[in-house]
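*Asks:* Input: one structure, supplied below.
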Amino acid sequence: MTDKSLSLNGKKFYYDEIASYSFRNSIPLNGYESNTLEFCRSWLNGVQEFPIQTSGSTGVPKTITLTRRQLEASARRTIDMLNLQPGDCTLVCLNTEYIAGMMMLVRGFEADLKMMIVEPISNPLTLVSPEENIAFSSFVPMQLHTILQEAPERVGQLNHMKGILVGGAPVTPTQQRELQRILAPIYHTYGMTETASHIALRKLNGPDAADYYDVLEDIAVGLDKRGCLTIKGDVTNNELLVTNDIVELLTPTRFRWIGRADNTINTGGVKVQTEKVELAIAETFIDNIDSPRFFVAPQPDEVLGEKVILVLEGEKLPEEEEEQLFERLRPLLRKFEMPKEVYYSRAFSETATGKISRQRTLQKLGLHTD
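In the UniProt record's numbering, the protein residues as written are 1 to 370.
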């Protein structure tokens, strides 16, 4: 372990000094660097259990504990699938305090990769030399979108990767169309903190792009009585994990994601899936370069029980533009799926990982959040 090292914000740290923390009084560190190195120190010293906070995008953030064996099992699947080899360079640009970024570190240690760790900013390639030969990285959709918009000259650097993971948020139709410019295989991940990152992948680009997820090897999936996905494997400590994700199970190892059970709106006795409405709205914005962020939510209604509303980020659209939006939506949605009202928030509240916090945004607007 003597000569092994990693790069963190351009600073070089040898594994031996990370394990002993011998540099703590000689190298100034910011909070992000300290937290990242603390995890690395625990890993290098053989710690067996790791408390990890969930992101809070679908509820109140909570802390769960994952074992070293769970993290190792998850890492090994990604390493094998992408054929990562010792010495391959991996760019770690997701928040390492949460499972997605943490697992990038674990994969780096397990596969003996050359790790370049940078702050999780919107365009992490600005922190990396254009000459760096990166084999593997993981991004949130916004990061890839920003790279393609602001630094199209870096596409060649992406093209040379063995694989790119995208997760943490849905990929919009506009974003998926953008990703076709990249030659390296890009996979949308399905997973959560409780499964030590992803347990299934969906190809986003190339001729074999798909609208379904393929489950990784030796992980069993099924459905509960609600039609929600269940997961069991070494990443769950071989315990059955019941999710709130409604899926269509196509084969024993393949599923199409429909939406979350807690995102089903019962309006006038008709069940409306929030994600379907949001996909239609995204389609109407597909040719709009500066399309606003948005989400769909339920609100109480005396007649319907619940009604569908649309929340847009930014200033209120002119009345004629709002009407044009609804005109484009009508061929895509049924009557009960159409939003009944539009609300505007100047800036959405976000979780620590940059996801939209629907609950806090609705609270700011004085709207119902249950």
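Ideal Cβ placement from N, Cα and C applies to all residues, glycine included.
Small disclaimer: the values here were computed from a predicted structure and weren't measured.
Taking residue 90 as part of the beta strand (DSSP E), name the residues at either end of that continuous run.
*Replies:* 89-92
*Asks:* Considering Cα atoms alone, identify which of 41, 247 and 209 is closest to residue 273.
*Replies:* The residue with the shortest Cα to Cα distance from residue 273 is 247.
*Asks:* By DSSP, does residue 103 sit in helix, in strand, or in coil?
*Replies:* helix
*Asks:* On the premise that residue 135 lies in contact with residue 106, defined as a C-beta separation below 8 Å, what is that separation, rounded to the nearest angstrom?
*Replies:* Not confirmed; about 16 Å, so no contact.
*Asks:* How would you call residue 64, buried or exposed, if buried means at least 16 neighbouring beta carbons within 10 angstroms?
*Replies:* exposed
*Asks:* Could you pull out every unbroken beta strand (DSSP E) segment of at least 3 residues lying fully inside the stretch 94-152, listed in chain order?
*Replies:* 114-117 and 136-139
*Asks:* Within 10 angstroms of its Cβ, does residue 331 collect 16 or more other Cβ (buried), or is it exposed?
*Replies:* Residue environment analysis places residue 331 among the exposed positions, since fewer than 16 neighbouring C-beta atoms fall within 10 angstroms of its C-beta.
*Asks:* How big is the Cα-Cα spacing for residue 238 and residue 141?
*Replies:* 31 Å
*Asks:* Between which residues of its own chain and residue 259 is the CB-CB distance below 8 Å, once the five residues before and five after are set aside?
*Replies:* 245, 246, 273, 274, 275 and 276
*Asks:* Considering Cα atoms alone, identify which of 168, 174, 147 and 152 is closest to residue 283.
*Replies:* 174
*Asks:* Per DSSP, which residues does residue 63 bridge with? Please list them.
*Replies:* 53
*Asks:* Does the Cβ of residue 373 have 16 or more other Cβ atoms within 10 Å, making it buried, or fewer, making it exposed?
*Replies:* The structure shown does not extend to residue 373, since the chain is modelled only from 1 to 370, so the question has no answer here.
*Asks:* Pull up the distance between the alpha-carbon of residue 379 and that of residue 197, whole angstroms please.
*Replies:* Missing from the structure shown is residue 379; the chain here goes from 1 to 370 and no further.
*Asks:* Assign residue 337 to one of two classes, buried (16 or more other C-beta atoms within 10 Å of its C-beta) or exposed (fewer than that).
*Replies:* buried
*Asks:* In terms of residue numbering, what span does the beta strand (DSSP E) encompassing residue 248 cover?
*Replies:* 241-251
*Asks:* Our contact map puts residue 95 next to residue 130 with C-beta atoms below 8 Å; I'd like the distance itself, whole angstroms only.
*Replies:* 24 Å between Cβ atoms; not a contact.
*Asks:* Do the stretch 110-119 and the stretch 78-96 touch if we need at least three Cβ pairs shorter than 8 Å?
*Replies:* yes
*Asks:* On the DSSP bridge list, what partners appear for residue 182?
*Replies:* DSSP output for residue 182 lists no bridge partner at all.
*Asks:* Per DSSP, which one or two residues make a beta bridge with residue 223?
*Replies:* 229
*Asks:* At which residues does the alpha helix (DSSP H) containing residue 19 begin and terminate?
*Replies:* 15-20
*Asks:* By alpha-carbon positions, which one of 295, 45, 71 and 357 ends up nearest to residue 193?
*Replies:* 71
*Asks:* Check each candidate in 101, 253, 41 and 20 and name the one with the smallest Cα separation from residue 54.
*Replies:* 101
*Asks:* Between the Cα of residue 287 and the Cα atoms of 19, 325 and 80, which residue gives the shortest distance?
*Replies:* 325
*Asks:* Please go through the stretch 297-351 and give each complete alpha helix (DSSP H) segment of 4 or more residues, from N-terminal end onward.
*Replies:* Taking 4 residues as the minimum length, the alpha helix (DSSP H) runs contained wholly in the stretch 297-351 are 319-329, in order along the chain.
*Asks:* In terms of residues, what are the limits of the beta strand (DSSP E) holding residue 264?
*Replies:* 264-267
*Asks:* Could you spell out the range, first to last residue, of the beta strand (DSSP E) harbouring residue 34?
*Replies:* Per DSSP, residue 34 belongs to no beta strand (DSSP E); it is in the alpha helix (DSSP H), 31-44.
*Asks:* Can you find the residues in the same chain that come closer than 7 Å, C-beta to C-beta, to residue 180, ignoring five residues on each side of it along the sequence?
*Replies:* 205
*Asks:* If you drop the 5 nearest sequence neighbours on each side, which residues of the same chain put their C-beta closer than 7 Å to that of residue 265?
*Replies:* 272, 274, 298, 306 and 308
*Asks:* On the DSSP letters alone, give me the boundaries of the beta strand (DSSP E) that residue 254 sits inside.
*Replies:* 254-260
*Asks:* Buried or exposed: residue 166, going by 16 or more other Cβ atoms within 10 Å of its Cβ?
*Replies:* buried
*Asks:* Using C-beta distances below 8 Å, list every residue in its chain close to residue 313, excluding the 5 sequence neighbours before and after it, in chain order.
*Replies:* 292, 293, 294, 344, 345, 346, 347 and 348
*Asks:* Is the Cβ-Cβ distance between residue 116 and residue 7 less than 8 Å?
*Replies:* Yes, the Cβ-Cβ distance between residue 116 and residue 7 is below 8 Å.
*Asks:* Look at the Cβ atom of residue 339, then the Cβ atom of residue 296, and state whether they are nearer than 8 Å.
*Replies:* yes
*Asks:* Can you name, in chain order, every residue of its own chain whose Cβ lies under 7 Å from the Cβ of residue 220, other than the five neighbours on each side?
*Replies:* 232 and 233
*Asks:* Report yes if the C-beta distance between residue 351 and residue 311 is below 8 Å; otherwise report no.
*Replies:* No. Outside cutoff.
*Asks:* Kindly indicate which residue of 261, 154 and 47 has the alpha-carbon position closest to the one of residue 225.
*Replies:* 261
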